[in-house]
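In terms of UniProt numbering, the sequence shown has 127 at position 127, counting the first letter as 1, and numbering is strictly consecutive.
We put the beta carbon where it would ideally sit given N, CA and C, even for glycine.
Reading through the structure tokens given below for one structure.
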Amino acid sequence: MSKLLVTGADGFIGSHLTEALVRAGHEVRAFVLYNSFNSWGWLDRCAPDVKGRFEVFAGDIRDPHGVRTAMTGCDAVLHLAALIAIPYSYHSPDTYIDTNIKGTLNVVQAARDLNIAKVIHTSTSEVYGTAQFVPITELHPLEGQSPYSASKIGADQLAMSFYRSFGTPIGIVRPFNTYGPRQSTRAVIPTIITQLAHGKQQIKLGAIHPTRDFNFVSDTVNGFIAALNSPSSIGEVINLGSNYEISIGETANVIADIMGIRLEIICDNQRLRPEKSEVERLWASNEKAQKLLSWSPIYAGKEGFKRGIAETIAWFTNPDNLSAYKDDGYTI
Numbered sequence: 001m002s003k004l005l006v007t008g009a010d011g012f013i014g015s016h017l018t019e020a021l022v023r024a025g026h027e028v029r030a031f032v033l034y035n036s037f038n039s040w041g042w043l044d045r046c047a048p049d050v051k052g053r054f055e056v057f058a059g060d061i062r063d064p065h066g067v068r069t070a071m072t073g074c075d076a077v078l079h080l081a082a083l084i085a086i087p088y089s090y091h092s093p094d095t096y097i098d099t100n101i102k103g104t105l106n107v108v109q110a111a112r113d114l115n116i117a118k119v120i121h122t123s124t125s126e127v128y129g130t131a132q133f134v135p136i137t138e139l140h141p142l143e144g145q146s147p148y149s150a151s152k153i154g155a156d157q158l159a160m161s162f163y164r165s166f167g168t169p170i171g172i173v174r175p176f177n178t179y180g181p182r183q184s185t186r187a188v189i190p191t192i193i194t195q196l197a198h199g200k201q202q203i204k205l206g207a208i209h210p211t212r213d214f215n216f217v218s219d220t221v222n223g224f225i226a227a228l229n230s231p232s233s234i235g236e237v238i239n240l241g242s243n244y245e246i247s248i249g250e251t252a253n254v255i256a257d258i259m260g261i262r263l264e265i266i267c268d269n270q271r272l273r274p275e276k277s278e279v280e281r282l283w284a285s286n287e288k289a290q291k292l293l294s295w296s297p298i299y300a301g302k303e304g305f306k307r308g309i310a311e312t313i314a315w316f317t318n319p320d321n322l323s324a325y326k327d328d329g330y331t332i
């Protein structure tokens with residue numbers, strides 16, 4: 001599988017994955033969202049050793065004709081393109097159905113028709129909702145607590161239905177909360193870092209009691225590549241998580257300690273999810289990934305988390321990178 005299509009290649013995880021695949025010697029076609037500025041998202045700032053070594057296809061995952069054109073001639077597809085912001089899904093749920101569900105249909109239908117050798121579809125830990133047991137295995141019930149998570153449940157089920165109905169070679173990876181360089185401030189870790197980096201000691205957050213299983217971006221990328229390379233991933237849903245649980249409040253304190261800043265947290269009501277929509281607890285079992293993919297996180301446990309946070313802080317506090325982020329307001 002030498003020629004690969006990465007959808008969502010212009011995004012946070014997708015850009016890191018594109019770089020890693022190019023470095024591994026693959027011929028990569030990067031599917032980016034068309035725009036009249038000819039922006040390739042984070043690929044505009046890709047690493048010097050990768051620049052110019054991949055093909056770019058500008059299109060829209062919601063358009064079946066463009067998706068089919070982009071997939072033609074490829075051996076495998078890593079499908080990451082999606083709308084992922086939970087607050088925005090309260091605001092505009094229809095776009096999540098079109099992008100996440102219809103976009104996935106476009107990918108798997110083209111994969112079936114073009115006899116693509118493998119599709120790796122991206123899920124999310126949000127499909128589990130608040131943990132009913134921990135650590136969360138792939139057998140945990142699915143609970144759509146936001147329009148976003150409901151759309152991803154639909155996309156996951158649709159992708160797996162093509163495997164079961166037509167034998168389309170599809171595997172699903174389910175990353176828990178990925179963090180690292182290039183992430184949007186719609187996510188909590190960049191929100192904390194950028195507020196502190198802009199000189200604020202009183203920072204605005206939503207709920208700080210929920211817990212998350214944070215996964216450093218390079219670990220997530222390695223999980224995608226392991227799933228691509230392993231025959232055992234076909235027909236399977238596989239968690240990518242660190243098997244370490246930490247609250248949002250504790251996460252903020254870890255960041256402040258590393259940055260050497262005394263922190264005060266102010267609850268900003270607009271950042272709170274509706275009560276029944278808040279996912280209170282996420283903690284991944286990664287046993288299946290270890291067994292089927294021989295994958296385990298390098299940035300594991302408390303010390304691994306601190307190392308990942310330190311690397312993330314170093315990237316965000318670089319003035320060239322920090323300048324790309326607005327210093328005030330709430331990103332939904």
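Sub-7 angstroms separation of residue 207 and residue 272 beta-carbons: Taking the first residue of the sequence shown as 1, we reach residue 207 at position 207. Taking the first residue of the sequence shown as 1, we reach residue 272 at position 272. Contact: yes.
Where residue 165 falls, given that 16 or more other Cβ within 10 Å makes a residue buried: On the sequence shown, residue 165 is found 165 positions in, with the first residue counted as 1. By the 10 Å Cβ count, residue 165 comes out exposed.
Other residues of its chain near residue 113: CB distance less than 8 angstroms, five sequence neighbours each side excluded: On the sequence shown, residue 113 is found 113 positions in, with the first residue counted as 1. So the qualifying residues of the chain are 68.
Beta-ladder partner(s) of residue 116, from DSSP: As a first step, residue 116 is located in the sequence shown; it is residue number 116 there, counting from the start. According to DSSP, residue 116 bridges with nothing at all.
Euclidean distance between Cα positions of residue 247 and residue 325: Within the sequence shown, the letter at position 247 stands for residue 247. Within the sequence shown, the letter at position 325 stands for residue 325. Roughly 25 angstroms separates the two Cα atoms.
Residue range of the beta strand (DSSP E) that includes residue 329: In the sequence shown, the residue the question calls residue 329 occupies position 329. Premise fails: residue 329 is in no beta strand (DSSP E) and is neither H nor E.
Which of helix, strand or coil DSSP assigns to residue 144: What you label residue 144 is simply residue 144 of the sequence shown in a count that begins at 1. In the structure shown, residue 144 sits in coil (DSSP, three-state: anything other than H, G, I, E or B).
Paired residues, beta bridge with residue 27 - DSSP: Position 27 of the sequence shown, counted from the start, is the residue given in the question as residue 27. 3, per the DSSP bridge assignment.
Start-to-end residues for the beta strand (DSSP E) that takes in residue 134: Numbered from 1 along the sequence shown, position 134 holds the residue referred to as residue 134. For residue 134, no beta strand (DSSP E) run applies, since DSSP gives it neither H nor E.
Boundaries (first-last residue) of the beta strand (DSSP E) holding residue 238: Counted from its first residue, the sequence shown places residue 238 at position 238. Residue 238 -> beta strand (DSSP E) spans 237-240.
Exposure label - residue 209; buried when at least 16 CB within 10 Å: In the sequence shown, residue 209 corresponds to position 209, counting from 1. With fewer than 16 Cβ atoms within 10 Å of its Cβ, residue 209 is classed as exposed.
Spatial distance of residue 298 from residue 242 (CA atoms): The count along the sequence shown starts at 1 and reaches residue 298 at position 298. The count along the sequence shown starts at 1 and reaches residue 242 at position 242. The straight-line gap from Cα to Cα measures roughly 9 angstroms.
Cβ-based neighbour list, residue 317, same chain, cut-off 6 angstroms, excluding 5 preceding and 5 following: Counted from its first residue, the sequence shown places residue 317 at position 317. Within the same chain, residue 317 has close Cβ partners 197.
C-beta atoms of residue 130 and residue 285 nearer than 7 angstroms: As a working mapping, residue 130 is identified with position 130 in the sequence shown. As a working mapping, residue 285 is identified with position 285 in the sequence shown. For residue 130 and residue 285, no; Cβs fall outside 7 angstroms.
Length of the line joining the Cα atoms of residue 39 and residue 173: Here residue 39 is taken as the residue at index 39 of the sequence shown, counted from 1. Here residue 173 is taken as the residue at index 173 of the sequence shown, counted from 1. Roughly 28 angstroms between the two C-alpha positions.
3 or more residues per run - each beta strand (DSSP E) lying fully within the stretch 41-97: 55-59 and 76-79
Bounding residues of the alpha helix (DSSP H) (the contiguous stretch that carries residue 303): Here residue 303 is taken as the residue at index 303 of the sequence shown, counted from 1. Start and end: 301-316.
Inter-stretch contact (C-beta, 8 angstroms, three-pair minimum) for the stretch 14-32 and the stretch 48-56: yes
Residue of 160, 14 and 64 minimising C-alpha distance to residue 82: Translated into positions along the sequence shown, residue 82 becomes position 82. Checked all of 160, 14 and 64; the closest Cα to residue 82 is 14.
Rounded straight-line distance, which links the Cα of residue 175 to that of residue 142: The residue given as residue 142 occupies position 142 in the sequence shown. The residue given as residue 175 occupies position 175 in the sequence shown. Rounded to whole angstroms, residue 142 to residue 175 spans 15 angstroms at the Cα level.
The stretch 71-81 touching the stretch 108-126, judged by at least three CB pairs closer than 8 angstroms: Contact between the stretch 71-81 and the stretch 108-126 is present, because at least three Cβ pairs lie under 8 angstroms.
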